[in-house]
Amino acid sequence: MTTTPARKSSPSRHNLGTVVGFEFVRTIKKPRFWIATLAIPVVMAIIFGLLFISNSSRSASADAQKNAALAFSYTDRSGIIPDQVAAAMGGTRADSSTDGAREVKEGRIEAFFAFPANPATEAVKVYGADKGVFDNGKYEAVAKQLLALSAQAKIGSAAITAASGGNIKVETETYRDGQVSGGFGAAVPPLMFLVLFYITIILLSNQMLNSTLEEKENRVTEMILTTLNPTTLIVGKIISLLLVGLVQISVFLAPIVVGYAFFRERLSLPDIDLRDIVFEPGPLLVGALLLLGGFTLFTAVLGAIGAVMPNAKEAGVIFGPLMALIFVPFYAISLILSDPHSPIVQVFTYFPLSAPVTAMLRNGFGTLSPVESVITIAELFIVGILVMRLAIHLFRYGSIQYTGKLSIMSTFHRRSGEEQHPPAPH
Amino acid sequence: MTAGGAAAEPLVHIEDFRMDFGDTTVIRNLSFDVQAGETFGFLGSNGSGKTTTLRALLGIYQPTSGVLHIDGKPFEPGDGTRLGYLPEERGLYKKEPVLDVMVYFGRLKGLGKSQARSWSLAYLERVQLADKATMTLDKLSSGQQQKVQLGVTIMNDPELLILDEPTKGFDPVNRRLLMDIIEEHKRGGATVIMVTHQMEEVERLCDRVVLLKDGTSRAYGTVADVQDQFGGTVYRLSYAGDQVLPSSTLYDVVRQGGGRAELVPRPGGNEAAVLRELVAAGLPVSGFTTSRVSLEEIFIQVYGEQHAAGRV
């Protein structure tokens, strides 16, 4: 039954890999992980499917309605509608609106339209035989189509018609420091880091909290602390969480990418012209570092809470308000966008727990200066690492306290006793 | 471990250890050594500071003062000492399969994946849990979970095996299995430190013991040394009636009732003198034998006063 262990050359690195592997695999092999992870894409797929079906039928229906052959009569006080255009659509001029409406009521014709003297300010009256909620829309569609074709015939120019209707394409070019700025297209890529930050925090925060609670709740702390360096354990858990987050994000993004790539028009998804997207290296780098720094900080804070609290229930008391902090900047979003140098925005930019979201927003919209970027990134990493060291300290000396909330100060008081401990005779 | 060093250097060295929790001093001036290869009994009543000492030795608690060394230095996981620690507070990852948890700990203890897996399967077979290998730990009974935890403790073939109340929660059959495993490691040259209230096991297995009371050492040495410190012998007598034995400067009464009593002699209290005093006090003695005092009797002698005062 005895074994001579085959220790690897670098135990801590070997153990880090072991922790990452164990934590990652045991998370992703759980059915509840996939239920939670697939729930959102499945719901999205269902919604996309319904949109697909709905849009397909609506599109076909609208086309059909627009071009539907109706036996209708009309009166035209505006003088816009030429008889030949109306005749081509199946219309005949009526003597009066009273007659037209009566004929519809009596079932002698399908529809009657009364075009007013000024269609821009007065409503077109439409009377029709009831064909059901959905099919009744064809009357309005035909009336509008008749008016549009008539107007186009009067103007005699498709371009002027388009211009008058505002149906034009605009390309804007703006300049910053003598260089063409990216505009909204340049804001999108850095803002994606904000989206990733929210997805990561919202999906993984509970696991972050439980990362240090689990050992305590399972009474496995002593076994772990005598087997493994706590720093290796905590860092391993964080890396595995990051990997789990990447898996979840990939699963979430898959239906969106597929939807955009193959069914964009059918799903009525907004047309994102990738040529308008500008990838500026500076904001992208700042966004990536803010994401990494913010992730480090929040993971460390949640880990520290887990090390202090005896169980998930009590940890939840602090967990809720902490999560609310990452949404707080959105209450001041108009101020963040319009007046980024106002005192409240400055506070949000530099207060560690609100800094990631505020700085990522400002970075996306180009109002975070290089100096502010450096300060905020440095702050997030420095505070994140300090809190992580605190979390490791609390885990090492506090997670043995199974039943009560840990007094943080007591772990440092006892640490002063260690100074009397003679140095190890290496 | 120390290679080629002075043979006298102990594997575990504790010197002037003091531990305060807030204003309460739990351990004071505790010193003892454990030599490589010996089996050491760490004895004491509940709350006497045994687990605290082990936790401080293993770096889980920070000592208020004192030296706590394993192999000449404070313990750090991964520093080269092959340690097997079975804590008093038991637990593993309950929602994970048995085999996965064992392989995980095996890898953390330096075994290769296949090595950890094959060892774990062999161990589970031995403790009759092979059919539970893929079940999650929370589906196992408490005793079965303890067997898994014992496997995790010994799977790296530890040089130093620290067992905090190892038989707690084991039925007699599994207790025997546990003792067999401890004896195997003892025979294999492992150093064993064992906290237990099973005094028969201590007498059978341990080379030396330390007896802790109120955070201080009350006795320390080989089992025979400790027995000698507490008189070495015990007088067992039987008598007619159910009267209470008179107090004396020659002996302490360890146990009495139902016409029987056990006495531990004080210095100068030899057989003849004690018997003479009892007869002189009018006790109708019908039988009187002398035997070696057991650790259990010493334990009762030391902690009996505490029990009587309701302090344990």
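For the record, the sequence lines run as chains A and B.
The first sequence begins at 402 in the numbering used here and counts up by one.
The second sequence begins at 15 in the numbering used here and counts up by one.
Ideal Cβ positions, reconstructed from N, Cα and C, are used throughout, including at glycine.
Everything numeric in this text was worked out from a predicted model, so none of it was measured.
Which bits of chain B does residue i rub up against, with CB to CB less than 8 Å?
i: M789(A); result: Residues of chain B passing the Cβ test: none, with the nearest at roughly 19 Å.
Which chain A residues are close to residue i, counting only those with a beta carbon under 9 Å from its beta carbon?
i: I74(B); result: T622, E623, L626, T627, R797, Y798, I801
i: Y249(B); result: Result: empty, since nearest Cβ-Cβ is about 44 Å, beyond 9 Å.
i: P101(B); result: R620, T622, E623, M624, T627
Applying a beta-carbon distance threshold of less than 7 Å, which residues of chain B neighbour residue i?
i: F585(A); result: Here the premise fails: no neighbours, minimum Cβ distance about 47 Å.
i: N630(A); result: P91, G92
What in chain A is Cβ-close to residue i, meaning under 7 Å?
i: V48(B); result: Going along chain A, no residue has its Cβ under 7 Å from V48(B), so there is no contact; the nearest lies around 16 Å.
i: R121(B); result: T419
i: K108(B); result: N619
i: V141(B); result: The premise fails here: V141(B) is roughly 10 Å from chain A at the closest Cβ pair, so nothing lies under 7 Å.
i: V162(B); result: The contacting residues do not exist; V162(B) stays about 11 Å from chain A at best.
Among the options, whose alpha-carbon lies nearest the alpha-carbon of residue i?
i: V527(A); options: V775(A), D536(A), A544(A); result: A544(A)
i: D496(A); options: I678(A), H794(A), F473(A); result: F473(A)
i: N60(B); options: R280(B), L277(B), V288(B), L226(B); result: L226(B)
i: P753(A); options: L738(A), N764(A), I734(A), V788(A); result: V788(A)
i: V258(B); options: I41(B), G272(B), D152(B); result: G272(B)
i: L292(B); options: L57(B), R250(B), E310(B); result: R250(B)
i: L595(A); options: F653(A), G765(A), I734(A), T499(A); result: G765(A)
i: Y234(B); options: R42(B), D37(B), L177(B), F56(B); result: F56(B)
i: A701(A); options: T622(A), T628(A), Y661(A), H794(A); result: H794(A)
i: K532(A); options: S774(A), E511(A), I719(A), S739(A); result: E511(A)
i: L654(A); options: G695(A), M593(A), I776(A); result: M593(A)
i: T622(A); options: L106(B), G282(B), S261(B), E52(B); result: L106(B)
i: Y253(B); options: D30(B), D93(B), E276(B); result: E276(B)
i: A440(A); options: I719(A), E780(A), I650(A); result: I650(A)
i: I41(B); options: Q158(B), R96(B), T67(B); result: T67(B)
i: G183(B); options: D152(B), I195(B), R190(B), G157(B); result: G157(B)
Can you check whether the C-beta of residue i is within less than 8 Å of a C-beta belonging to chain B?
i: N400(A); result: Residue 400(A) lies beyond the residue range present for chain A, which begins at 402 and ends at 827; the question has no answer from this structure.
i: A407(A); result: With a pLDDT of only 44 at A407(A), under the threshold of 50, the placement of this residue in the model should not be trusted, and no figure is reported.
i: R427(A); result: yes
i: N607(A); result: no
i: N611(A); result: no
i: R816(A); result: With a pLDDT of 42 at R816(A), under the threshold of 50, the modelled position of that residue is not reliable, and the figure given next carries that caveat. Closer than 8 Å to some Cβ of chain B, the Cβ of R816(A) qualifies, so yes.
i: N712(A); result: no
i: A825(A); result: In this prediction, A825(A) scores a pLDDT of 32, lower than 50, which makes its location untrustworthy; no coordinate-derived value is stated.
i: N416(A); result: yes
Please confirm if residue i has its CB atom under 8 Å from at least one CB of chain A.
i: R104(B); result: yes
i: L97(B); result: yes
i: V209(B); result: no
i: V240(B); result: no
i: V166(B); result: yes
i: F31(B); result: no
Could you work out which residues of chain A lie near residue i, taking near to mean beta carbons separated by less than 8 Å?
i: Y118(B); result: T419, F423
Quick one: what's residue i bridged to in DSSP?
i: R222(B); result: F54(B), T236(B)
i: G98(B); result: L175(B)
i: E276(B); result: R250(B), R269(B)
i: A512(A); result: F473(A), G529(A)
i: Q49(B); result: None; Q49(B) has no bridge partner.
i: I84(B); result: V26(B), K87(B)
i: P591(A); result: Partner(s): none; P591(A) has no beta bridge.
i: V206(B); result: T53(B), L175(B)
Give a yes or no on whether the minimum CB-CB distance between residue i and chain E is below 8 Å.
i: P432(A); result: Absent from the structure: chain E. Protein chains present are A and B.
>> Could you check whether the stretch 229 to 239 of chain B touches the stretch 82 to 90 of chain B, counting it as contact only if at least three pairs of C-beta atoms, one from each stretch, sit closer than 8 Å?
In response: no
>> With three or more beta-carbon pairs closer than 8 Å as the criterion, would you say the stretch 779 to 787 of chain A touches the stretch 597 to 615 of chain A?
In response: no
>> So, does the stretch 32 to 50 of chain B touch the stretch 302 to 311 of chain B, judging by three or more C-beta pairs under 8 Å?
In response: no
> Quick check: the stretch 163 to 180 of chain B against the stretch 192 to 207 of chain B, are there 3 or more CB pairs under 8 Å?
Replying inline: yes
>> For the structure I just gave you, are there three or more beta carbon pairs, one from the stretch 417 to 434 of chain A and one from the stretch 632 to 642 of chain A, closer than 8 Å?
In response: yes
>> When you compare the stretch 726 to 737 of chain A with the stretch 759 to 773 of chain A, are there three or more beta-carbon pairs, one atom per stretch, that lie closer than 8 Å?
In response: yes
>> When you compare the stretch 160 to 167 of chain B with the stretch 132 to 142 of chain B, are there three or more beta-carbon pairs, one atom per stretch, that lie closer than 8 Å?
In response: yes
> Hey, is the stretch 511 to 525 of chain A in contact with the stretch 472 to 490 of chain A, meaning 3+ C-beta pairs nearer than 8 Å?
Replying inline: yes
> Taking three-plus beta-carbon pairs below 8 Å as touching, is the stretch 260 to 272 of chain B in contact with the stretch 90 to 106 of chain B?
Replying inline: no
> Per the contact definition of three or more C-beta pairs closer than 8 Å, is the stretch 656 to 665 of chain A in contact with the stretch 568 to 580 of chain A?
Replying inline: no
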